[in-house]
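In what follows, a single structure is set out as structure tokens and then discussed.
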């Protein structure tokens, strides 16, 4: 039985964060990113639908008696002038939607130690230990629940979409674009919001496992306190020498 029963000290936690050992949940990052993408879609969809409608109207009204080079240049000009800025802006917001949730969990900590090659990762015993460890079992259980929830949502959305597929062909082009956008937004919202509670639970579980892994024995705690007190005496002696 392990004798590491003491909670990790602040110094131990700071060192772990400095080394890139941080409690975080990949599921929480993906869920928050999905919510951000849903909000981006709600904000950008009306503008994109207007651009798509204007582009289609402009395309069908082209002078088809003109040469191919002219038609091609006019089409590229329409795409480049309308859709490229919107696409770049959407990609920029999407990148922020991925980066910001990760920064919120890591608190901006940056370390290259986690990606540095280590020979102990080649040890089969360590691989088996990680494979059947508590973290892997928790990930397996959460992944099973996650797949079940997403499967139910997928069946629900597909059933709703297939029921409205045939009547949708009778709609005008603007109405079809609005319908497609609404369906996609509905799917993204259900997928993201349904995972929110599970992702929050995963974060707290990962934090609990992280703190348990960083536990210390009493000798380590005493040693750190002794080192801190020694540093304090050295600093105090240096201050007295400076004042004298």
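In our numbering, the protein residues as written are 292 to 535.
Even glycine gets a Cβ: it sits at the ideal position worked out from N, Cα and C.
Chain-order list of residues whose beta-carbon lies under 7 Å from that of residue i (same chain, five-residue window excluded)
{"i": "residue 473", "result": "none"}
{"i": "residue 275", "result": "No answer is possible for residue 275: it lies beyond the span of the chain, which begins at 292 and ends at 535."}
{"i": "residue 397", "result": "313, 315"}
{"i": "residue 307", "result": "505"}
{"i": "residue 441", "result": "482"}
{"i": "residue 352", "result": "none"}
Cutoff 8 Å; reference residue i; Cβ partners in own chain excluding five residues on either side
{"i": "residue 468", "result": "340, 343, 344"}
{"i": "residue 437", "result": "318, 486, 489"}
{"i": "residue 453", "result": "none"}
{"i": "residue 328", "result": "385, 388, 479, 483"}
{"i": "residue 465", "result": "340, 344"}
{"i": "residue 520", "result": "none"}
{"i": "residue 447", "result": "481"}
Extent of the continuous alpha helix (DSSP H) run through residue i
{"i": "residue 490", "result": "487-504"}
{"i": "residue 460", "result": "First-last for residue 460: undefined, no H or E at that position."}
{"i": "residue 326", "result": "317-351"}
{"i": "residue 398", "result": "Careful: residue 398 lies outside any alpha helix (DSSP H) and carries neither H nor E."}
{"i": "residue 302", "result": "301-309"}
Residue closest to residue i, alpha-carbon to alpha-carbon, out of the options
{"i": "residue 485", "options": "445, 458, 384, 365", "result": "445"}
{"i": "residue 428", "options": "440, 496, 388", "result": "496"}
{"i": "residue 491", "options": "298, 302, 516, 322", "result": "322"}
{"i": "residue 556", "options": "365, 295, 346, 335", "result": "Within the shown structure, residues of the chain are numbered from 292 to 535, placing residue 556 beyond reach of any answer."}
{"i": "residue 331", "options": "361, 518, 378", "result": "378"}
{"i": "residue 348", "options": "514, 520, 463", "result": "463"}
{"i": "residue 456", "options": "447, 430, 470", "result": "470"}
{"i": "residue 298", "options": "502, 510, 518, 519", "result": "502"}
Buried or exposed (CB count within 10 angstroms, at least 16 for buried), residue i
{"i": "residue 460", "result": "exposed"}
{"i": "residue 493", "result": "buried"}
{"i": "residue 337", "result": "exposed"}
{"i": "residue 433", "result": "buried"}
{"i": "residue 526", "result": "Confidence in residue 526 is poor, its pLDDT being 48 and thus under 50, which makes the residue's placement too unreliable to answer from."}
Whole-Å CB distance - residue i paired with residue j, under 8 Å assumed
{"i": "residue 296", "j": "residue 512", "result": "With 8 Å as the limit, residue 296 and residue 512 do not qualify as a contact, their Cβ atoms being about 10 Å apart."}
{"i": "residue 320", "j": "residue 392", "result": "5 Å"}
{"i": "residue 333", "j": "residue 476", "result": "6 Å"}
{"i": "residue 500", "j": "residue 425", "result": "6 Å"}
{"i": "residue 430", "j": "residue 294", "result": "In fact, because the Cβ distance is near 28 Å, the residues do not count as touching under 8 Å."}
Same chain, Cβ closer than 6 Å to residue i, five either side skipped, listed in chain order
{"i": "residue 366", "result": "none"}
{"i": "residue 302", "result": "515"}
{"i": "residue 518", "result": "none"}
{"i": "residue 498", "result": "314"}
Residue i beta carbon near the ligand PLP (any heavy atom closer than 8 Å)
{"i": "residue 425", "result": "In the structure on display, the ligand PLP does not appear, and there are no ligands present to speak of."}
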